[in-house]
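Take a look at the structure set out below.
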Amino acid sequence: MNVSSLGFVLVVLAVLAPVLSVPVADACTRNEECFDDNKCTVDVCEANGECTHRFAGGDKCCEFSGAECPYVRCYERGCNVDIFTCRYRSSTNSECQTQYDEFLQEYGFDDVIGAIIGFAILGILILIFISIVLFILTRRVIRDRGKD
Numbered sequence: 000m001n002v003s004s005l006g007f008v009l010v011v012l013a014v015l016a017p018v019l020s021v022p023v024a025d026a027c028t029r030n031e032e033c034f035d036d037n038k039c040t041v042d043v044c045e046a047n048g049e050c051t052h053r054f055a056g057g058d059k060c061c062e063f064s065g066a067e068c069p070y071v072r073c074y075e076r077g078c079n080v081d082i083f084t085c086r087y088r089s090s091t092n093s094e095c096q097t098q099y100d101e102f103l104q105e106y107g108f109d110d111v112i113g114a115i116i117g118f119a120i121l122g123i124l125i126l127i128f129i130s131i132v133l134f135i136l137t138r139r140v141i142r143d144r145g146k147d
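The numbers in numbering that gives the first Met the number 0 rise by one with no breaks, and the one at position 33 of the sequence shown is 32.
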């Protein structure tokens with residue numbers, strides 16, 4: 000077989016390949032075979048053996064935009080249109096940032112740091128008090144056993 004004959008055979012195979020196509024090994028025959036574990040889709044096995052996943056609706060599901068998604072305070076809504084699910088990310092330009100800024104303005108950063116340090120010191124003092132009480136009780140128990 001020479002080069003021109005091989006080229007001819009390859010061209011014929013390329014033209015006939017779509018016509019003589021063999022069914023794909025992963026082709027479906029029932030809807031259950033298309034299950035993708037996504038509550039936002041209806042899974043359908045089409046007549047050509049291909050699985051499709053259509054929008055089903057439901058909680059935290061969307062088809063086009065984040066406006067369809069439930070409002071969650073301090074998060075921006077979006078829609079992952081490939082899998083019809085709502086996605087959320089922390090909001091940077093929302094009322095949450097404003098409330099945080101107002102909190103810092105009202106109490107001041109110094110007050111917040113002071114409160115944290117104060118609670119830490121209070122916790123340490125409580126632990127010291129508990130340790131002293133346990134030491135005294137242990138000492139008394141040992142002393143009382145020594146008398147017997």
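Even glycine gets a Cβ: it sits at the ideal position worked out from N, Cα and C.
| Check | Outcome |
| --- | --- |
| Under the three-state DSSP convention, the category residue 77 falls into | strand |
| Close beta carbons around residue 35, own chain, < 7 Å, minus the five adjacent residues each side | 42 and 52 |
| Beta-carbon contacts of residue 26 that lie in its chain and below 6 Å, excluding the five residues immediately before and after | 48 |
| Which residues DSSP lists as bridging residue 90, in chain order | None, per the DSSP bridge assignment. |
| Separation of residue 89 from residue 117, as counted between CA atoms | 30 Å |
| Distance, residue 120 Cα to residue 67 Cα | 48 Å |
| Member of 57, 123, 39 and 87 whose CA lies at the smallest distance from the CA of residue 70 | 87 |
| Every unbroken beta strand (DSSP E) within the region 30-80, with a cutoff of 3 residues, ordered by chain | 40-44, 50-54 and 74-79 |
| Whether residue 85 touches residue 72 by CB criterion (9 Å) | no |
| Integer-rounded CB distance, given that residue 78 should sit under 8 Å from residue 63 | 6 Å |
| Separation of residue 140 from residue 146, as counted between CA atoms | 10 Å |
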